[in-house]
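Asks:
In this note's numbering, the protein residues as written are 1118 to 1224.
1. The alpha helix (DSSP H) spanning residue 1161 covers which residue range?
2. With a floor of 4 residues, list each alpha helix (DSSP H) that falls wholly inside the stretch 1152-1223, ordered by position along the chain.
3. With DSSP run on the structure shown, which of helix, strand or coil describes residue 1137?
4. Identify, in the order they occur along the chain, each residue of the same chain with its Cβ nearer than 7 Å to the Cβ of residue 1156, setting aside the five sequence neighbours on each side.
5. Contact criterion: CB-CB distance below 9 Å. Does residue 1163 meet it with respect to chain B?
6. Is the stretch 1134-1149 in contact with the stretch 1172-1179, if contact means three or more CB pairs nearer than 8 Å?
7. Would you kindly work out how many angstroms separate the C-alpha atoms of residue 1212 and residue 1198, rounded to a whole number?
8. Can you give the Cα-Cα distance for residue 1206 and residue 1120, rounded to whole angstroms?
9. Output the distance between the C-alpha atoms of residue 1187 and residue 1162, rounded to the nearest integer angstrom.
10. Going by other Cβ atoms of all chains shown within 10 Å of its Cβ, with 16 needed for buried, is residue 1217 buried or exposed?
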């Protein structure tokens, strides 16, 4: 699994974990945050490795669907980029207004 996918899933999990069932939260936390293998999770829950894999894949798809509809992660990334750009520019009234106008567009 690539670092980019792991990072994305961690962010999506942070934003949307309250929409998941306790079991989904547990599997995702163990797999993505605690770096447990599918086998380790399966052993802990006394289920098959395939059952863990299927649950994690379905949960990933759900997280992507939530993001597609709500765009919380995308907005977070855009705000972060905008703040970074803003910090590199001189502090002027025009720049502040431009920054504020862009932020208002996103909500």
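A virtual CB, placed ideally from N, CA and C, is assigned to each residue, including glycine.
Replies: Put simply:
1. Working through the chain shown from its first residue, we reach residue 1161 at position 44. 1155-1162 is the span of the alpha helix (DSSP H), which, as asked, contains residue 1161.
2. Runs found: 1155-1162, 1166-1187, 1189-1205, 1210-1223.
3. Looking up residue 1137 in the chain shown gives position 20. Looking at residue 1137 - three-state DSSP - the assignment turns out to be coil, as it is neither helix nor strand.
4. The sequence position of residue 1156 within the chain shown is 39, counting from 1. 1166, listed in sequence order.
5. Absent here is chain B; the protein component of the structure consists of one chain.
6. Yes, the stretch 1134-1149 is in contact with the stretch 1172-1179.
7. Translated into positions along the chain shown, residue 1212 becomes position 95. Translated into positions along the chain shown, residue 1198 becomes position 81. A straight line joining the alpha-carbon of residue 1212 with that of residue 1198 spans about 15 Å.
8. Counting from one through the chain shown, the residue named residue 1206 turns up at place 89. Counting from one through the chain shown, the residue named residue 1120 turns up at place 3. Counting only the Cα atoms, residue 1120 lies some 31 Å from residue 1206.
9. Residue numbering aside, residue 1187 sits at position 70 when the chain shown is read from its first letter. Residue numbering aside, residue 1162 sits at position 45 when the chain shown is read from its first letter. Cα to Cα, the separation comes out at about 32 Å.
10. Along the chain shown, read from residue 1 onward, the residue named residue 1217 stands at position 100. Exposed, since its Cβ has fewer than 16 Cβ neighbours within 10 Å.
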